[in-house]
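Enquirer:
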Amino acid sequence: YLEKVSADDGTGLHVIELGSFAPGAPAVGEHAIAVGSTLKPEIAWIPISANSMEEARIFELAGTETESLFKAHLWGPDLAWVTQFSTDQIHVVDLNTGFLNPAPFPEDGIRISGGGSLFRGAQALAIDQDKHQGDMGIVLLGLSAEIAFLDFRQVFGP
4 YLEKVSADDG TGLHVIELGS FAPGAPAVGE HAIAVGSTLK PEIAWIPISA
54 NSMEEARIFE LAGTETESLF KAHLWGPDLA WVTQFSTDQI HVVDLNTGFL
104 NPAPFPEDGI RISGGGSLFR GAQALAIDQD KHQGDMGIVL LGLSAEIAFL
154 DFRQVFGP
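The numbering of the sequence shown is this note's numbering, which starts it at 4 and goes up by one.
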(Lines of atoms letter the chains of each structure in order from A and count residues from 1; the text may use other names and numbers.)
(Lines give C-alpha, C1' and ligand atoms only; values in the text may rest on other atoms or scores of the structure.)
Protein backbone atom coordinates (compact mmCIF):
# COMPACT_ATOMS: atom_id res chain seq x y z
CA TYR A 1 0.00 0.00 0.00
CA LEU A 2 0.91 3.67 -0.32
CA GLU A 3 0.27 5.85 2.69
CA LYS A 4 0.04 9.63 2.75
CA VAL A 5 1.51 10.79 6.05
CA SER A 6 1.27 14.13 7.84
CA ALA A 7 4.60 15.98 7.91
CA ASP A 8 3.56 17.59 11.20
CA ASP A 9 3.16 14.51 13.37
CA GLY A 10 3.72 11.46 11.14
CA THR A 11 0.15 10.20 11.40
CA GLY A 12 -1.41 8.41 8.45
CA LEU A 13 -3.82 10.58 6.45
CA HIS A 14 -4.82 8.34 3.54
CA VAL A 15 -3.98 4.79 2.44
CA ILE A 16 -4.19 3.43 -1.11
CA GLU A 17 -4.32 -0.36 -1.24
CA LEU A 18 -2.09 -1.64 -4.07
CA GLY A 19 -2.87 -5.36 -3.82
CA SER A 20 -0.10 -7.43 -5.46
CA PHE A 21 1.35 -4.56 -7.52
CA ALA A 22 4.80 -4.54 -5.75
CA PRO A 23 5.56 -0.81 -6.10
CA GLY A 24 8.95 0.82 -6.54
CA ALA A 25 9.59 4.40 -5.40
CA PRO A 26 6.70 6.64 -6.58
CA ALA A 27 6.62 10.14 -8.04
CA VAL A 28 3.87 12.16 -6.38
CA GLY A 29 2.25 15.06 -8.19
CA GLU A 30 -0.52 17.36 -7.03
CA HIS A 31 -3.35 15.14 -8.31
CA ALA A 32 -1.82 11.74 -9.08
CA ILE A 33 0.98 9.28 -8.41
CA ALA A 34 3.10 7.35 -10.92
CA VAL A 35 4.80 4.19 -9.71
CA GLY A 36 6.52 1.29 -11.44
CA SER A 37 6.27 -2.34 -10.44
CA THR A 38 9.36 -4.12 -9.13
CA LEU A 39 8.00 -7.46 -10.41
CA LYS A 40 6.17 -6.88 -13.71
CA PRO A 41 6.62 -4.55 -16.71
CA GLU A 42 3.89 -2.18 -15.52
CA ILE A 43 3.49 1.44 -14.49
CA ALA A 44 0.48 2.59 -12.48
CA TRP A 45 -1.08 6.05 -12.66
CA ILE A 46 -3.11 6.47 -9.47
CA PRO A 47 -5.26 9.49 -8.57
CA ILE A 48 -4.31 10.89 -5.14
CA SER A 49 -7.93 10.44 -4.01
CA ALA A 50 -7.99 6.72 -4.96
CA ASN A 51 -8.66 4.06 -2.35
CA SER A 52 -7.50 1.05 -4.37
CA MET A 53 -5.90 -0.07 -7.63
CA GLU A 54 -9.39 -0.34 -9.15
CA GLU A 55 -9.20 3.43 -9.64
CA ALA A 56 -5.72 3.30 -11.24
CA ARG A 57 -4.68 3.15 -14.87
CA ILE A 58 -2.13 0.37 -15.49
CA PHE A 59 0.27 0.63 -18.43
CA GLU A 60 1.66 -2.73 -19.56
CA LEU A 61 5.09 -2.34 -21.13
CA ALA A 62 7.22 -4.50 -23.38
CA GLY A 63 9.92 -6.25 -21.39
CA THR A 64 10.76 -9.45 -19.63
CA GLU A 65 8.17 -11.42 -17.65
CA THR A 66 9.93 -10.41 -14.44
CA GLU A 67 10.74 -6.73 -14.60
CA SER A 68 11.87 -3.92 -12.34
CA LEU A 69 10.81 -0.30 -12.60
CA PHE A 70 12.61 0.80 -9.45
CA LYS A 71 12.07 4.53 -9.25
CA ALA A 72 9.84 7.24 -10.61
CA HIS A 73 11.21 10.78 -10.66
CA LEU A 74 9.02 13.89 -10.56
CA TRP A 75 10.04 16.53 -13.12
CA GLY A 76 8.25 19.81 -12.76
CA PRO A 77 4.75 19.70 -11.35
CA ASP A 78 3.22 17.10 -13.65
CA LEU A 79 5.66 14.74 -15.39
CA ALA A 80 6.96 11.50 -13.89
CA TRP A 81 9.95 9.74 -15.46
CA VAL A 82 10.19 6.00 -14.74
CA THR A 83 13.27 3.90 -15.53
CA GLN A 84 12.76 0.39 -16.95
CA PHE A 85 15.60 -1.96 -15.97
CA SER A 86 15.60 -4.66 -18.68
CA THR A 87 15.04 -2.35 -21.67
CA ASP A 88 17.24 0.61 -20.66
CA GLN A 89 14.35 3.01 -21.23
CA ILE A 90 12.66 5.91 -19.52
CA HIS A 91 8.89 6.17 -19.73
CA VAL A 92 7.15 9.48 -19.11
CA VAL A 93 3.77 9.69 -17.37
CA ASP A 94 1.73 12.90 -17.54
CA LEU A 95 0.34 13.07 -14.00
CA ASN A 96 -2.45 15.48 -15.02
CA THR A 97 -3.88 13.43 -17.88
CA GLY A 98 -2.71 9.92 -17.00
CA PHE A 99 -1.13 9.40 -20.44
CA LEU A 100 2.02 7.34 -20.97
CA ASN A 101 4.77 8.82 -23.16
CA PRO A 102 2.74 11.82 -24.41
CA ALA A 103 4.08 14.01 -27.27
CA PRO A 104 6.87 15.05 -27.76
CA PHE A 105 8.18 11.80 -26.24
CA PRO A 106 8.59 8.60 -28.30
CA GLU A 107 5.56 6.33 -27.95
CA ASP A 108 7.68 3.42 -26.69
CA GLY A 109 9.77 5.53 -24.29
CA ILE A 110 13.22 7.09 -24.40
CA ARG A 111 16.08 4.64 -25.09
CA ILE A 112 19.12 5.21 -22.91
CA SER A 113 21.69 2.81 -24.37
CA GLY A 114 22.66 2.15 -27.95
CA GLY A 115 20.45 -0.93 -28.18
CA GLY A 116 21.66 -4.44 -28.95
CA SER A 117 20.78 -7.64 -27.17
CA LEU A 118 22.51 -6.81 -23.87
CA PHE A 119 20.91 -4.42 -21.44
CA ARG A 120 22.76 -2.31 -18.91
CA GLY A 121 20.06 -2.05 -16.24
CA ALA A 122 18.53 1.45 -16.03
CA GLN A 123 17.82 1.93 -12.33
CA ALA A 124 17.47 5.59 -11.43
CA LEU A 125 17.41 9.06 -12.93
CA ALA A 126 18.57 12.42 -11.57
CA ILE A 127 17.47 15.75 -13.07
CA ASP A 128 18.45 19.28 -12.08
CA GLN A 129 14.99 20.73 -11.38
CA ASP A 130 16.17 24.34 -11.73
CA LYS A 131 17.86 24.02 -15.13
CA HIS A 132 16.01 21.21 -16.92
CA GLN A 133 15.32 23.18 -20.11
CA GLY A 134 18.50 22.31 -21.99
CA ASP A 135 20.51 20.63 -19.25
CA MET A 136 21.37 17.00 -18.70
CA GLY A 137 19.71 14.22 -16.80
CA ILE A 138 21.83 11.37 -15.45
CA VAL A 139 20.72 7.72 -15.57
CA LEU A 140 22.33 5.06 -13.37
CA LEU A 141 22.92 1.84 -15.35
CA GLY A 142 23.45 -0.66 -12.54
CA LEU A 143 24.49 -3.83 -14.38
CA SER A 144 27.22 -2.14 -16.40
CA ALA A 145 28.26 0.18 -13.53
CA GLU A 146 27.87 3.27 -15.73
CA ILE A 147 26.09 6.57 -15.76
CA ALA A 148 24.53 7.83 -18.97
CA PHE A 149 23.79 11.44 -19.75
CA LEU A 150 20.44 12.47 -21.21
CA ASP A 151 20.49 15.72 -23.17
CA PHE A 152 17.03 17.28 -22.92
CA ARG A 153 17.66 19.37 -26.05
CA GLN A 154 17.57 16.09 -28.01
CA VAL A 155 14.27 15.15 -26.37
CA PHE A 156 12.51 18.54 -26.62
CA GLY A 157 14.38 20.21 -29.48
CA PRO A 158 16.09 23.64 -29.43
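Glycine included, every Cβ here is placed at the ideal spot set by N, Cα and C.
According to DSSP, what are the bridge partners of A47?
Expert: V38 and I61
Enquirer: Would you mind working out which of D81, E33 and F102 sits nearest I61, comparing C-alpha positions?
Expert: F102
Enquirer: The beta strand (DSSP E) spanning A151 covers which residue range?
Expert: E149 to D154
Enquirer: Are the beta-carbon atoms belonging to A59 and I49 less than 8 Å from one another?
Expert: yes
Enquirer: Going by other Cβ atoms of all chains shown within 10 Å of its Cβ, with 16 needed for buried, is I141 buried or exposed?
Expert: So I141 ends up on the exposed side.
Enquirer: At the level of alpha carbons, what is the spacing between H135 and S52?
Expert: Below a pLDDT of 50, predicted positions are generally treated as unreliable, and H135, at 48, falls in that range; no measurement from the model is reported.
Enquirer: How far does the beta strand (DSSP E) with T86 in it extend, from its first residue to its last?
Expert: L82 to Q87
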